[in-house]
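K.L.:
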Amino acid sequence: MDFTLSEEQEALRETVRRFAAAELPDAARRCEEDDEPPPRALIKRYAELGLLGVNLDPAYGGGGQSHLDAVLALEEVAKLSPALAFPIFESCFGPVLAIAHFAPEALRQRVLPSVCQGDMIVAVAMSEPDAGTALTDLATSTRQDGDRIILNGTKRWCSGAGHADAYVVYCRMSDEPGAKGVGAVLVDKDTDGFTFGARERHMGFRGICSADMHFDDVPVAAENLIVPAGGFRKLMEAFDLERCGNTTMSLAIAQSAFDTALAYVQERSQFGKNLIEFQAVQLSLAEMKMKLDASRLLLYRAVVNSGTGLPSVGDSSIAKCFANEMVREVTGKAMQLMGGYGYAQEYGIEQKMRDGWGWGIAGGSIDIQKTNIAAALVGRRFDQRR
5 MDFTLSEEQE ALRETVRRFA AAELPDAARR CEEDDEPPPR ALIKRYAELG LLGVNLDPAY
65 GGGGQSHLDA VLALEEVAKL SPALAFPIFE SCFGPVLAIA HFAPEALRQR VLPSVCQGDM
125 IVAVAMSEPD AGTALTDLAT STRQDGDRII LNGTKRWCSG AGHADAYVVY CRMSDEPGAK
185 GVGAVLVDKD TDGFTFGARE RHMGFRGICS ADMHFDDVPV AAENLIVPAG GFRKLMEAFD
245 LERCGNTTMS LAIAQSAFDT ALAYVQERSQ FGKNLIEFQA VQLSLAEMKM KLDASRLLLY
305 RAVVNSGTGL PSVGDSSIAK CFANEMVREV TGKAMQLMGG YGYAQEYGIE QKMRDGWGWG
365 IAGGSIDIQK TNIAAALVGR RFDQRR
């Protein structure tokens, strides 16, 4: 078992790191200050560099690389800005993967090349006002009308709402109860009857749009069907990879906070010596480093074990849960080590704390990951209604 990256992977990581340092700081600052997503021109730049669809099949314009390669690329951009990293996240770990693995060939051919070329952003619409963790309770529904699928309902907490060009919408496609009735369709942004609520403003995640989405007799072409009723398990298998993207975001934020704090304690002096000379500081740094390395290894295990397929629910839930808790602890310690400088906007740690906290809510809460882990241990799902 080899825990070292290949020369090609080291080169990929260094290339993206240099690109981020040279070309992204101004855009990162604008996203944070203006709370607006990255410009389309920057997403096209990502496409030129091969950062979109790193792990998608070259037949569709993807990079044909591994999920681990996608993790390496995503982490280097996310260290600087989750908002700037989000298009990479969506194309390598998000709803695009449900299309890549389960949609009919014609839909793959229409969507995936456009994503890899930077011409299309695809977001996912899962949660509803009364269905979040209890996702099989969703009420957004469909009915058949000739060769069209008519969609009605409301979605909530959709990252990318109003900014993305198309949405993978989880919906009830039959009268079967629970998961048996759930499938998914792709809805283009400009479809009649599809509207958005007011833009939400969050504690963190600035530059990542979010809003309610309303479907009022929205006509969806039959060829936009991704999976029919009964396909909920497939959708959640793809979501196991999305958990790994969430894990990468958490890891990147924590690593960048640690790097900032490590540099600070070697420069800042108190009582006539650098902070690094104090044992309490050394202990904090050691604890942060241990958690970071453990998180990275759990993430790498999840994506490497999946090969070219999708990670297991157990591996992906363990990686996500640990990283979500870890990023809160590491950013908190980084702020404490930096004192007033950590609390000031100018130095970036307070942003990392705000952003880091959100990933333990997004994509399935920390506690639901723990129930997933327990379910994987005994080989069955637990009925939370009993």
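The letter at position 310 of the sequence shown is residue 314 when you use my numbering, and the numbering goes up by one with no holes.
Ideal Cβ positions, reconstructed from N, Cα and C, are used throughout, including at glycine.
1. Beta-carbon separation of Leu76 and Arg17 under 8 angstroms?
2. With three or more C-beta pairs closer than 8 angstroms as the rule, is the region 258-276 touching the region 174-192?
3. Which residue comes first and which comes last in the beta strand (DSSP E) that contains Trp161?
4. Write down the C-beta distance between Thr144 and Ile154 rounded to the nearest angstrom, noting that I regard them as a contact closer than 8 angstroms.
5. For Val334, write down the residues that DSSP places opposite it in a beta bridge.
6. How close, in whole Å, do the beta carbons of Cys248 and Ala323 come, if the pair is a contact with beta carbons under 8 angstroms?
7. Taking the beta strand (DSSP E) that Arg384 falls in, what are its first and last residues?
8. Using the beta-carbon count (16 or more within 10 Å), is Ser43 buried or exposed?
9. Helix, strand or coil: which one does DSSP assign to Ile230?
10. Could you pull out every residue in the same chain whose Cβ sits closer than 6 angstroms to the Cβ of Ala327, ignoring the five residues on either side in sequence?
11. Quick one, which of Val307, Ala165, Gly344, Ser10 has its alpha-carbon nearest Phe200's?
12. Identify which residue in Ala378, Val334, Lys374, Ala379 has its Cα closest to the Cα of Asp359.
13. Below 8 angstroms on the Cβ atoms is my contact criterion, and I expect Ile353 with Met339 to pass it. Report the Cβ-Cβ distance as a whole number of Å.
14. Around the C-beta of Asp179, are 16 or more other C-beta atoms found within 10 angstroms, so that it is buried, or is it exposed?
15. Can you tell which of His105, Thr264, Met207 has its C-alpha closest to the C-alpha of Met292?
16. Is DSSP giving Asp73 helix, strand or coil here?
P.N.:
In this structure, then:
1. Contact flag set, yes.
2. No: the two stretches stay apart, fewer than three of their Cβ pairs being nearer than 8 angstroms.
3. Per DSSP, the continuous beta strand (DSSP E) segment holding Trp161 begins and ends at 152-163.
4. That pair is no contact at about 12 angstroms.
5. The partner list for Val334 (beta bridge, DSSP) is empty, contrary to what the question assumes.
6. Yes, Cys248 and Ala323 are in contact; Cβ-Cβ is about 6 angstroms, under 8 angstroms.
7. Where Arg384 is concerned, there is no enclosing beta strand (DSSP E), given that its DSSP letter is neither H nor E.
8. The displayed chain sequence assigns Pro, not Ser, to residue 43. By the neighbour-count rule (16 or more Cβ atoms within 10 Å), Pro43 is not buried but exposed.
9. Looking at Ile230 - three-state DSSP - the assignment turns out to be strand.
10. Close CB contacts of Ala327 within its chain, under the 6 angstroms cut and outside five residues either way in sequence, are with Thr251, Ser254, Leu255, Ser299 (chain order).
11. Just measuring C-alpha positions, the residue of Val307, Ala165, Gly344, Ser10 sitting nearest Phe200 is Ala165.
12. The option with the nearest alpha carbon to Asp359 is Val334.
13. Indeed they touch by this definition, with Cβ atoms about 5 angstroms apart.
14. Asp179 should be labelled exposed.
15. Nearest Cα to Met292 within the set His105, Thr264, Met207: Thr264.
16. Secondary structure at Asp73: helix, using DSSP grouped into helix, strand and coil.
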